[in-house]
Amino acid sequence: MPYTKVKPITILMADDDEDDRLLTQDALAESRVLNELHFVEDGVELLEYLERKGKFADKEVSPRPGLILLDLNMPRMDGREALEAIKANPNLKGIPVVILTTSKQEEDMVKGYNLGAASYITKPVTFDGLVDLMKTLGKYWVEFVELPSTFND
């Protein structure tokens with residue numbers, strides 16, 4: 001059996017709902033996905049984190065994510081605007097962004113993919129569903145997807 005090197009990645013979740021953030025954190029722990037999880041509460045904080053501005057200036061506190069989980073409906077700057085800004089920035093556009101939202105609107109899905117989202121997932125309604133989702137996401141993004149080493153800067 002060939003040796004497979006599994007390297008945890010940093011996951012950055014942008015979601016204004018504290019309950020959703022806590023449930024996702026619990027679901028990752030429950031699914032035994034061993035990734036570092038960081039949170040921001042809106043699109044403005046997401047861009048500040050990614051650009052290491054303000055309270056996110058220290059890269060030890062805000063390591064570059066290998067994956068962004070992005071809610072669409074947030075205050076100040078919503079997920080659509082944040083995704084557009086990320087994909088327009090040459091230093092950030094390579095980071096995979098998975099839209100994780102309650103919106104089932106076809107228009108949001110089409111726009112998300114057109115802006116460069118790697119995936120569009122509707123948030124599960126149960127905790128067990130969220131655990132299953134986190135297991136699958138963890139397995140896919142950690143074990144199968146190969147990300148460039150420049151993501152570790």
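Residue 56 in full-length UniProt numbering sits at position 56 of the sequence shown, and the numbers go up by one each step.
Where is the CB? At the ideal position from N, CA and C, for every residue including glycine.
Beta-carbon contacts of residue i that lie in its chain and below 7 Å, excluding the five residues immediately before and after
| i | result |
| --- | --- |
| Gly94 | none |
| Arg52 | Lys59 and Ser62 |
| Leu37 | Ile11, Met13, Gln25 and Leu28 |
Residue environment, residue i, which counts as buried when at least 16 other CB atoms sit within 10 Å
| i | result |
| --- | --- |
| Gly54 | exposed |
| Phe39 | buried |
| Ala57 | exposed |
| Thr4 | Reliability of the predicted coordinates at Thr4 is poor, the pLDDT of 47 falling under 50, and the value obtained from them is presented with this limitation in mind. So Thr4 counts as exposed. |
| Pro90 | exposed |
| residue 214 | This structure leaves residue 214 out entirely; the chain is present only between 1 and 153. |
Per DSSP, cross-strand counterpart(s) of residue i
| i | result |
| --- | --- |
| Thr101 | Thr122 |
| Leu69 | Met13 and Val98 |
| Phe39 | Met13 |
Nonlocal neighbours in the same chain, by C-beta distance under 8 Å from residue i, ignoring five residues either side
| i | result |
| --- | --- |
| Leu115 | Arg80, Leu83, Glu84 and Lys87 |
Practice prompt. Indicate whether the contact test is met: 3 or more Cβ pairs, each with one atom in the stretch 43 to 50 and one in the stretch 72 to 79, closer than 8 Å.
Written response: yes
Worksheet item: Is there contact between the stretch 103 to 114 and the stretch 127 to 146, where contact requires at least three CB pairs shorter than 8 Å?
Response: no
Worksheet item: Residue ranges of each alpha helix (DSSP H) run of no fewer than 4 residues wholly in the stretch 109 to 153, ordered along the chain?
Response: 127 to 138
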